Amino acid sequence: MTDLPPIKSSPFRLILRILALILILASTVFWISTGSHAGFSKDRVEIPQVDPITQIEYVDYEERFVLGVEYLALACGLGVTSFGLSFAFRRKAK
Amino acid sequence: MQTVKTLLLTCASLCAGSLSLQAEAKTYDFEDPKGVNNVSFLLDAPLESISGNAKGVSGIVSFDSTNPNAVSGTITIETTSLTATNNKLQEHMLGKGWLDASNHPTITFVAKSVSKVEEFKDGFKAQLTGDFTLKGVTKELTVPVTFTYLPGMLGKRSNGAMEGDLLVLRSTFTINRSDYGIKPGQNSDKVAEEIELRLAIAGAAPDA
Chain A
0 MTDLPPIKSS PFRLILRILA LILILASTVF WISTGSHAGF SKDRVEIPQV
50 DPITQIEYVD YEERFVLGVE YLALACGLGV TSFGLSFAFR RKAK
Chain B
0 MQTVKTLLLT CASLCAGSLS LQAEAKTYDF EDPKGVNNVS FLLDAPLESI
50 SGNAKGVSGI VSFDSTNPNA VSGTITIETT SLTATNNKLQ EHMLGKGWLD
100 ASNHPTITFV AKSVSKVEEF KDGFKAQLTG DFTLKGVTKE LTVPVTFTYL
150 PGMLGKRSNG AMEGDLLVLR STFTINRSDY GIKPGQNSDK VAEEIELRLA
200 IAGAAPDA
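So the sequences go chain by chain: A and B. Numbering-wise, the first sequence is residues 0 to 93 according to numbering that gives the first Met the number 0. Numbering-wise, the second sequence is residues 0 to 207 according to numbering that gives the first Met the number 0.
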């Protein structure tokens with residue numbers, strides 16, 4: 000029996016897979032840290048208030064960015080694409 | 000002679016009664032330095048739900064707590080005070096293609112008549128008919144309104160700076176954006192045709 004030749008992984012293959020991991024993980028962590036908002040991104044956040052005399056409900060706004068699902072989907076899409084592209088760089092036998 | 004005297008007395012008492020009724024009507028100013036008065040809007044389209052708020056509310060309403068049928072007045076909203084949670088969305092909303100705020104700086108409701116008045120503990124529920132103007136188009140609308148009368152509460156609200164009464168108006172109604180020339184029939188997947196408006200405003204009538 001002859002030994003198979005050792006296989007050397009293409010550096011691009013590894014770089015694309017690390018990039019995919021970073022994109023998916025970083026966007027997910029950022030999305031969760033800004034409140035896991037299920038809608039589109041917000042540049043300000045509504046803070047519900049009630050006037051004690053009239054009982055009128057109103058909102059004040061806090062200027063704070065909240066990542067929406069469109070950026071999460073875009074980052075995850077790029078991650079998946081990057082992972083898929085990594086298969087184009089084939090392993091080379093030494 | 001007795002008949003003439005009785006007639007004169009009756010006339011005098013009727014006039015006095017009418018004057019006292021007239022005196023009950025107070026003028027409420029809805030300019031709100033506290034930033035509480037607001038109109039929120041909600042559009043629920045298949046792809047996107049848009050909501051926001053407007054605080055640039057002003058207006059004068061004449062209200063008589065003993066005769067709610069005699070309501071009259073105007074409520075004005077500054078178009079540029081409409082706020083959405085997304086800057087890009089707000090820019091589009093106020094832009095030429097949608098509300099065209101630069102050419103149509105105000106949204107108004109002018110009360111004309113009141114019907115179906117029902118009394119409750121602190122006020123009245125009624126159907127208010129008036130002219131609603133949005134983006135330069137005026138349509139007659141009949142909307143349900145709750146009038147909550149809070150006598151003597153202005154002092155508490157202004158921390159004693161002024162004495163007087165408060166009147167709280169609440170209303171929720173729906174308009175169709177096509178009726179007001181706001182991109183009729185376009186972008187219906189992202190921007191709903193129907194716009195729900197929720198108004199909650201308080202007016203003050205300081206004691207003379």
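Just so you know, even glycine gets a beta-carbon here, dropped at the ideal spot from N, CA and C. Small disclaimer: the values here were computed from a predicted structure and weren't measured.
Quick one: list the residues of chain A neighbouring residue i, beta-carbon separation under 8 Å, in chain order.
i, result
"Lys-155 (chain B)", "Ile-52"
Give the interface partners of residue i over in chain A, defined as CB-CB distance under 9 Å, in chain order.
i, result
"Glu-47 (chain B)", "Gly-38 and Phe-39"
"Asn-66 (chain B)", "Within 9 Å Cβ-Cβ: nothing; Asn-66 (chain B) doesn't reach chain A, min ~23 Å."
"Asn-86 (chain B)", "Asp-42 and Arg-43"
Roughly how far, in whole angstroms, is the beta-carbon of residue i from the beta-carbon of residue j, given that I think they are within contact range, below 8 Å?
i, j, result
"Asp-28 (chain B)", "Ala-199 (chain B)", "With a Cβ gap of about 16 Å, Asp-28 (chain B) and Ala-199 (chain B) do not count as contacting."
"Val-35 (chain B)", "Tyr-70 (chain A)", "Incorrect: roughly 34 Å between the Cβ atoms, too far for contact."
"Thr-147 (chain B)", "Gly-122 (chain B)", "4 Å"
"Val-190 (chain B)", "Ser-170 (chain B)", "At roughly 23 Å, the Cβ-Cβ gap does not stay under 8 Å, so Val-190 (chain B) and Ser-170 (chain B) are not in contact."
"Leu-15 (chain A)", "Leu-84 (chain A)", "5 Å"
"Tyr-179 (chain B)", "Leu-127 (chain B)", "No, Tyr-179 (chain B) and Leu-127 (chain B) are not in contact; Cβ-Cβ is about 19 Å, not under 8 Å."
"Met-152 (chain B)", "Ile-55 (chain A)", "Actually they are not in contact, since the Cβ atoms of Met-152 (chain B) and Ile-55 (chain A) sit about 12 Å apart, beyond 8 Å."
"Ala-44 (chain B)", "Ser-187 (chain B)", "7 Å"
"Ile-59 (chain B)", "Thr-78 (chain B)", "With a Cβ gap of about 19 Å, Ile-59 (chain B) and Thr-78 (chain B) do not count as contacting."
Can you tell which of the options has its C-alpha closest to the C-alpha of residue i?
i, options, result
"Glu-41 (chain B)", "B:Ala-207, B:Phe-123, B:Asn-52 and B:Lys-33", "Before going further, note that residue 41 (chain B) is Leu rather than Glu in the sequence given. When only C-alpha atoms are compared, the closest one is B:Asn-52."
"Leu-165 (chain B)", "B:Thr-173, B:Phe-172 and B:Lys-155", "B:Lys-155"
"Arg-63 (chain A)", "A:Ile-14, A:Thr-53 and A:Ser-32", "A:Ser-32"
"Met-92 (chain B)", "B:Ile-194, B:Thr-128, B:Lys-115 and B:Val-56", "B:Ile-194"
"Trp-30 (chain A)", "A:Glu-61, A:Val-68 and A:Leu-73", "A:Val-68"
"Ala-110 (chain B)", "B:Thr-137, B:Phe-119, B:Ser-187 and B:Asn-86", "B:Thr-137"
"Leu-77 (chain A)", "A:Gly-38, A:Leu-66 and A:Ile-23", "A:Ile-23"
"Asp-99 (chain B)", "B:Arg-197, B:Leu-81 and B:Leu-127", "B:Leu-81"
"Ile-106 (chain B)", "B:Val-56, B:Glu-118 and B:Lys-87", "B:Val-56"
"Arg-197 (chain B)", "B:Lys-124, B:Thr-173, B:Phe-62 and B:Ser-177", "B:Thr-173"
"Asn-37 (chain B)", "A:Phe-88, A:Pro-47 and A:Pro-10", "A:Pro-47"
"Lys-120 (chain B)", "B:Ile-59, B:Ser-39, B:Ser-64 and B:Ala-44", "B:Ser-64"
"Arg-43 (chain A)", "B:Glu-47, B:Asn-66, B:Thr-84 and B:Ser-39", "B:Thr-84"
"Pro-150 (chain B)", "B:Val-113, B:Val-142, B:Leu-140 and B:Met-161", "B:Met-161"
"Ile-49 (chain B)", "B:Pro-205, B:Gln-89, B:Ala-69 and B:Ile-74", "B:Gln-89"
"Lys-124 (chain B)", "B:Ala-24, B:Glu-30, B:Pro-67 and B:Trp-97", "B:Pro-67"
"Ser-157 (chain B)", "B:Asp-206, B:Asn-175 and B:Ile-181", "B:Asp-206"
Please compile the residues from chain B whose C-beta is within a distance smaller than 9 Å of the C-beta of residue i.
i, result
"Ile-55 (chain A)", "Val-35, Asn-36, Asn-37, Val-167, Arg-169, Ala-199, Ile-200 and Ala-201"
Using a Cβ cut-off of 7 Å, pull out every chain A residue sitting near residue i, in sequence order please.
i, result
"Met-152 (chain B)", "Ile-52"
"Thr-82 (chain B)", "Tyr-60"
With residue i as the anchor, note down where its alpha helix (DSSP H) starts and where it stops.
i, result
"Gly-78 (chain A)", "68–85"
"Pro-10 (chain A)", "10–32"
Between which two residues does the beta strand (DSSP E) containing residue i stretch?
i, result
"Leu-196 (chain B)", "193–205"
"Phe-40 (chain B)", "37–43"
"Gln-48 (chain A)", "41–49"
"Asn-52 (chain B)", "48–53"
"Lys-182 (chain B)", "Per DSSP, Lys-182 (chain B) belongs to no beta strand (DSSP E) and is neither H nor E."
"Val-56 (chain B)", "56–63"
"Lys-33 (chain B)", "Run containing Lys-33 (chain B): none; DSSP gives neither H nor E here."
"Ser-71 (chain B)", "71–77"
"Phe-88 (chain A)", "Taken as a continuous stretch (DSSP letters only), Phe-88 (chain A) belongs to no beta strand (DSSP E), as it is neither H nor E."
"Thr-82 (chain B)", "81–83"
Residue i touches chain B at which residues, Cβ-Cβ below 7 Å?
i, result
"Tyr-70 (chain A)", "Those within 7 Å of Tyr-70 (chain A) in chain B number zero; the least Cβ separation is about 12 Å."
List, in order along the chain, the chain B residues whose C-beta lies closer than 8 Å to that of residue i?
i, result
"Val-58 (chain A)", "Asn-37, Ser-39 and Asn-52"
Examine chain E for any beta-carbon lying closer than 8 Å to the beta-carbon of residue i, and answer yes or no.
i, result
"Phe-172 (chain B)", "Among the protein chains of the structure shown, namely A and B, there is no chain E."
Notebook entry, point to check: Which runs of the beta strand (DSSP E), 3 residues or longer, sit entirely within the stretch 86–120 of chain B?
Noted result: Look at the stretch 86–120 of chain B and you find these whole runs of beta strand (DSSP E), each 3 residues long or longer: 105–119.
Next item on the list: Jot down the residue ranges of each uninterrupted alpha helix (DSSP H) in the stretch 113–171 of chain B, minimum 4 residues, whole runs only, in chain order.
Entry: Fully enclosed alpha helix (DSSP H) runs of 4 or longer: 153–156.
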